[in-house]
Amino acid sequence: VAEKELDEETLNPLLEELRLKLLKNNVSLEAAEAIEEELRETLTGREVKRGKAEEVVEEALKEVLEELLDDSFDLARALDEASEPPVMFLMGFNGSGKTTTAGKLGSMFEDMGMETVLGAGDTFRAASIEQLEEHGENIGSKVISHEYESDPAAVAYDAVEHADNEDKIAIIDTAGRSHSDENLMGELEKMVRVNEPDISFLVVDALAGNDVLEQAEAYEGMFDAVIVTKMDVDENGGAIISISERSGKPVAYLGTGQDYSDIEEFDKEQFIDQILS
Numbered sequence: 501v502a503e504k505e506l507d508e509e510t511l512n513p514l515l516e517e518l519r520l521k522l523l524k525n526n527v528s529l530e531a532a533e534a535i536e537e538e539l540r541e542t543l544t545g546r547e548v549k550r551g552k553a554e555e556v557v558e559e560a561l562k563e564v565l566e567e568l569l570d571d572s573f574d575l576a577r578a579l580d581e582a583s584e585p586p587v588m589f590l591m592g593f594n595g596s597g598k599t600t601t602a603g604k605l606g607s608m609f610e611d612m613g614m615e616t617v618l619g620a621g622d623t624f625r626a627a628s629i630e631q632l633e634e635h636g637e638n639i640g641s642k643v644i645s646h647e648y649e650s651d652p653a654a655v656a657y658d659a660v661e662h663a664d665n666e667d668k669i670a671i672i673d674t675a676g677r678s679h680s681d682e683n684l685m686g687e688l689e690k691m692v693r694v695n696e697p698d699i700s701f702l703v704v705d706a707l708a709g710n711d712v713l714e715q716a717e718a719y720e721g722m723f724d725a726v727i728v729t730k731m732d733v734d735e736n737g738g739a740i741i742s743i744s745e746r747s748g749k750p751v752a753y754l755g756t757g758q759d760y761s762d763i764e765e766f767d768k769e770q771f772i773d774q775i776l777s
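Numbering-wise, the sequence shown is residues 501 to 777 according to our numbering.
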């Protein structure tokens with residue numbers, strides 16, 4: 501079969517289509533363009549059999565995504581390397597699902613036979629403490645809280661102390677912030693300084709679209725891995741690609757529904773197959 505070199509004329513329409521497909525899957529423009537650029541560099545000038553260009557592009561996309569996505573987060577290892585007691589922080593913008601995720605993680609640990617204490621470190625949002633207390637009650641986990649408007653670093657400190665005395669894992673909820681909110685970011689930095697979390701998760705919502713980039717930027721350097729929630733509402737998973745491209749951090753878990761058991765480890769092979777199907 502005659503071979504031909506992939507040139508711009510052949511590649512452009514294919515890459516254009518691919519970019520549109522990514523955008524339709526809620527991948528941020530920045531990530532879609534970065535992927536397109538990488539494919540253009542990889543593929544221009546490559547010899548392909550006639551009629552096989554589309555297949556080659558798809559195969560190359562698969563390789564780019566495998567390189568880009570990271571599912572290497574290992575909870576057992578992270579706990580193993582953690583100090584005593586292990587301290588886990590959940591960060592993220594308002595409405596990303598941090599409080600519910602705290603309940604899901606607590607439930608997951610309880611199922612593994614490990615006890616947890618939940619720290620109500622969001623002392624700013626109305627009803628956030630009650631919401632966490634409800635989760636605590638449902639999963640049989642103690643909740644440490646102070647008054648609204650009180651110092652979140654102190655709440656976390658008390659939760660960590662309780663975890664230390666009772667041999668538990670501390671899971672700390674934090675206030676949802678927006679980047680413009682200097683005060684809240686300052687509070688969070690203080691919480692981190694005072695309590696030295698072993699594992700910090702950035703919780704982002706699958707529906708966040710391009711906002712995911714702003715969130716990754718706001719918390720840059722503060723988180724170890726990502727949890728993407730509301731995957732049951734947006735199965736496209738574009739947020740997973742966007743946050744991976746921007747942060748370079750592993751995606752640890754996906755939130756897939758309202759129940760405590762609706763949290764699963766991120767599996768990139770499975771995800772890539774799904775996105776390419």
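Every residue gets a Cβ at the ideal spot worked out from N, C-alpha and C, and that includes glycine.
Top-ranked residue by Cα proximity to residue i, from the options
{"i": "T756", "options": "T601, G709, S700 and D773", "result": "T601"}
{"i": "L515", "options": "A560, V548 and E503", "result": "A560"}
{"i": "A656", "options": "V692, V703 and D574", "result": "V692"}
{"i": "T623", "options": "S641, S645, N512 and I639", "result": "S645"}
{"i": "I741", "options": "V733, G721 and I775", "result": "I775"}
{"i": "M612", "options": "A576, L618 and F593", "result": "A576"}
{"i": "F589", "options": "P652, D507 and K524", "result": "P652"}
{"i": "V557", "options": "Q715, S572 and R519", "result": "R519"}
{"i": "M685", "options": "G592, E584 and E696", "result": "G592"}
{"i": "D681", "options": "V564, A718 and D580", "result": "A718"}
{"i": "A706", "options": "T510, S528, N512 and E509", "result": "S528"}
{"i": "S650", "options": "K668, A620, E661 and A663", "result": "A620"}
{"i": "M614", "options": "S628, K642 and L568", "result": "K642"}
{"i": "V564", "options": "E538, R625 and V733", "result": "E538"}
{"i": "E509", "options": "G545, L523, A502 and M722", "result": "G545"}
Assigned secondary structure, residue i (DSSP; H/G/I helix, E/B strand, else coil)
{"i": "D673", "result": "strand"}
{"i": "V660", "result": "helix"}
{"i": "D711", "result": "helix"}
{"i": "G597", "result": "coil"}
{"i": "A502", "result": "coil"}
{"i": "A653", "result": "helix"}
{"i": "M685", "result": "helix"}
{"i": "E696", "result": "coil"}
{"i": "M608", "result": "helix"}
{"i": "F624", "result": "coil"}
{"i": "D773", "result": "helix"}
{"i": "M691", "result": "helix"}
Opening and closing residue of the alpha helix (DSSP H) in which residue i lies
{"i": "L506", "result": "No alpha helix (DSSP H) contains L506, which DSSP labels as neither H nor E."}
{"i": "G473", "result": "Limits of the chain in this structure are 501 at one end and 777 at the other, which puts residue 473 out of reach."}
{"i": "G738", "result": "G738 to S747"}
{"i": "K642", "result": "Note, K642: premise wrong, no alpha helix (DSSP H); beta strand (DSSP E) at K642 to I644."}
{"i": "K668", "result": "Premise fails: K668 is in no alpha helix (DSSP H) and is neither H nor E."}
{"i": "Q758", "result": "Looking at the DSSP string, Q758 is not in any alpha helix (DSSP H), and its letter there is neither H nor E."}
The ligand ATP heavy atom lying under 8 Å from the CB of residue i
{"i": "T510", "result": "For the structure depicted, the ligand ATP is absent and the ligand set is empty, with no information on it obtainable."}
Opening and closing residue of the beta strand (DSSP E) in which residue i lies
{"i": "A582", "result": "Taken as a continuous stretch (DSSP letters only), A582 belongs to no beta strand (DSSP E), as it is neither H nor E."}
{"i": "G619", "result": "T616 to G621"}
{"i": "E765", "result": "I763 to E765"}
{"i": "T729", "result": "A725 to T729"}
{"i": "Y753", "result": "V751 to G755"}
Suppose only complete runs of 4+ residues qualify. What are the alpha helix (DSSP H) ranges in the segment 540 to 576, listed by chain order? 553 to 568
Between the segment 669 to 686 and the segment 623 to 637, do three or more beta carbon pairs fall short of 8 Å? yes
Please confirm if the segment 686 to 703 is in contact with the segment 649 to 668, defined as three or more CB-CB distances below 8 Å between the two stretches. yes
Do the segment 716 to 736 and the segment 528 to 536 meet, that is, are 3 or more Cβ pairs less than 8 Å apart? no
If you pair each beta-carbon of the segment 542 to 554 with each one of the segment 756 to 765, do three or more pairs fall below 8 Å? no
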